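Participant: For any residue, its number in this note's numbering is found by taking its place in the sequence shown, counting from 1, and adding 15. Idealized CB from N, CA, C, for every residue including glycine. Here the structure is a predicted model, which means the values were calculated and not measured. One structure, as structure tokens, below. Some questions next.
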Amino acid sequence: MQRLCGIDEAGRGPLAGAVYAAAVILDPARPISGLADSKKLSEAKRDALAVEIKAHALAWGIASVSAQGIDDMNILQASLLAMQRAYQAMVEQFGVHATLIQVDGNRCPKFELPCEAIVKGDSKVAEISAASILAKTARDASLLVLDAQYPQYGFAQHKGYPTALHLERLAKYGITPEHRRSYGPVKKLILSS
């Protein structure tokens, strides 16, 4: 039986927090309607779908690489590592292996089984859409935790992205351990201090 695993990541662009990835194998007997690229869905819709995916998928896994890890290896390598970890987490949690992996984007992490990179896969392949939703909701939840730790930065609003508010707070309060030091605006602050 063909088992397709979709993998996607969330959080390549932000200046703070980890990059997340998710792996999902959907159950053909329990279809989930409304799957789409997580960026095209409202937060409420994403949250509702994430619950449904976890309840109805054959298997799923979520993993991350920290801001420190991103700085150590670069965001591309960190994203690929998060994808490998998400697949591994899925296998460990459910004992289910895929026969084929499809990844959103143009690069495949190294896997022991066939892997295809699909540009805009999160809007073309249901399994990748589901992975994109799990990765995004997990990352957003982690930013709410950061918001509680560092309330003055407004992480709940901007989710770590380089918005005017985030850049203003960064300039005012400095860099947290969760900021990615290799990213331009953060690096600039370090060099100017």
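Three-state secondary structure (DSSP) at residue 165?
Facilitator: coil
Participant: Could you give the residue range of the beta strand (DSSP E) that holds residue 115?
Facilitator: 115-119
Participant: Just checking my contact of residue 37 with residue 23 at CB under 8 Å: how many whole Å lie between their CB atoms?
Facilitator: 6 Å
Participant: Using a 10 Å radius around the Cβ and a threshold of 16 neighbouring Cβ atoms, would you call residue 147 buried or exposed?
Facilitator: buried
Participant: Count Cβ pairs between the region 134-142 and the region 154-172 that sit closer than 8 Å; are there 3 or more?
Facilitator: no
Participant: What are the start and end residues of each continuous alpha helix (DSSP H) run of 4 or more residues lying completely inside the region 66-154, in chain order?
Facilitator: 82-88, 90-109
Participant: Is DSSP giving residue 15 helix, strand or coil here?
Facilitator: Residue 15 lies beyond the stretch modelled for the chain, which goes from 16 to 208, so this question has no answer here.
Participant: Considering Cα atoms alone, identify which of 94, 193, 182 is closest to residue 203.
Facilitator: 182
Participant: Return the bridge partner residues of residue 194 from the DSSP annotation.
Facilitator: 31
Participant: Return yes when the Cβ of residue 41 is within less than 8 Å of the Cβ of residue 64, no when it is not.
Facilitator: no
Participant: By the three-class DSSP mapping on this structure, what secondary structure does residue 209 have?
Facilitator: This structure cannot settle anything about residue 209, because the visible part of the chain is limited to 16 through 208.
Participant: Going by DSSP, name the residue or residues bridged to residue 19.
Facilitator: 115
Participant: Report the CB separation of residue 32 from residue 120 in whole angstroms; it is logged as a contact under 8 Å.
Facilitator: Between residue 32 and residue 120 a beta carbon distance of about 20 Å is seen, past the 8 Å cut, so the two are scored as non-contacting.
Participant: Which class does residue 40 belong to by DSSP, given the choice of helix, strand or coil?
Facilitator: strand
Participant: The ligand NAP and residue 124: does any heavy atom of the ligand fall closer than 7 Å to the residue's C-beta?
Facilitator: The ligand content of the structure shown is nil, which means the ligand NAP is not present either.
Participant: If I'm right that residue 97 touches residue 140 with Cβ under 8 Å, what's the distance once you round it to whole angstroms?
Facilitator: Not a contact, Cβ separation roughly 19 Å.
Participant: Expressed to the nearest angstrom, what Euclidean distance is found between the alpha-carbon atoms of residue 84 and residue 114?
Facilitator: 29 Å
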